[in-house]
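The structure under discussion appears below in the form of C-alpha cells.
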Amino acid sequence: MPAWPVLDTLETDRLILRRRRVEEADVYRRLWTERDPRVPAHRRIDAAGRPTVEDIADWIRSEREDPRPGVLAVERKCAGDVIGYCGLVFHGNGVPDEPELAFELLRRAQGFGYATEAGGAVVAWATAAGCERLWATVWAWNVASRRVLEKLGFHETGQVEVDATHGDNLLTVRSVTSPA
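Quick look at the structure:
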C-alpha cells in the first residue's frame, strides 16, 4: 500500500494540475451542466438546481480534510484558466486504498489531448508513490474517454455493469508498477 505523499501540484508541458479552489466552484458546476443526458440523474443538475455552486464549494472545502490525494484542477498554462479536473478518488471497487483515476473537462477543452496529458501526469505520480494498480470506470458510449484510458495504458477487464437506461459501464485497470 503506498504512503500517499501530499499531492498539491503536478506540471506538464501545457498544464498545471493543482488543488482545487473554492472560488472555482462555478467551473465544476458548469461540468455538471454539460454532461451527456445519458449520465445518471445523480450526476446531473436536478430539478431543484442542485448541486449549486455553494454545494460544490462545500465539497471542495471538505477535500482538504482527506489526507489522500484527490482530484486536482486542470489549468492551462497558456491561458491560466481551469478547464476541468483530473486525479484520484478512493471508493467503489472494494480494494482498500486502490484509487480510481477520474477526469472531466469542459466541452470547449475537449479534443486537444489535455485529458491524456493530465491523466499521464497523475499516473506517473501514482507510480512514483508506489501504487500497484489504478482503475477507472467508463460508459461504453463514451468513446473519447475510452480512448484516453487506452492511451494511458488502461485495459478493459470484461467486467461490465449493465444498465439498459444509461448504457453499460466498463471497468478498466492499469498496473502502475510495470510499463503499460
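Residues 1 to 180, numbered by UniProt numbering, are exactly what the sequence shown covers, in order. Using N, Cα and C, we set each Cβ at its ideal position, and we do this for glycine too.
Query raised in the report: DSSP state of Gly120, grouped into three classes?
Result: helix
**Report entry** Validate contact between the region 57-66 and the region 108-118 using beta carbons, cut 8 Å, 3 pairs
**Finding:** no
Query raised in the report: So Ala73 and Arg20 are in contact, right, with Cβ under 8 Å, and what is the actual spacing, rounded?
Result: 5 Å
Requested in this report: For my contact list, Val39 and His155 are in at a C-beta cut-off of 8 Å; report their separation, rounded to the angstrom.
Outcome: Not really, about 24 Å apart at Cβ, beyond 8 Å.
Query raised in the report: Who pairs with Arg174 in a beta bridge, going by DSSP?
Result: Leu134
Query raised in the report: So, is Pro67 buried or exposed, given that buried needs 16 or more other C-beta atoms within 10 angstroms?
Result: exposed
Report task. Would you grab the beta carbon distance between Arg35 and Arg43 for me? Rounded to a whole angstrom, and I think it's under 8 Å. Result -> 6 Å
**Report entry** The alpha helix (DSSP H) enclosing Thr33, as first and last residue numbers
**Finding:** 25-34
Requested in this report: Return the residue from the list Leu88, Glu117, Arg64 that minimises the CA-CA distance to Ala126.
Outcome: Leu88
Requested in this report: Quick one: grab the DSSP three-state call for Val53.
Outcome: helix
Query raised in the report: Going straight from the alpha carbon of Leu7 to that of Tyr85, what length do you get?
Result: 14 Å
Query - Backbone secondary structure at Trp141 - three-state DSSP - result: coil
**Report entry** Where Glu150 falls: helix, strand or coil (DSSP)
**Finding:** helix
Query - Counted within 10 angstroms of its Cβ, other Cβ atoms place Trp141 as buried (16 or more) or exposed - result: exposed
Requested in this report: Can you tell me which of the three DSSP states His42 falls into?
Outcome: helix
Requested in this report: Tell me whether the beta-carbon of Arg61 lies closer than 8 Å to the beta-carbon of Val22.
Outcome: yes
Query raised in the report: Buried or exposed: where does Glu98 fall if 16 or more other Cβ atoms within 10 Å of its Cβ makes it buried?
Result: buried
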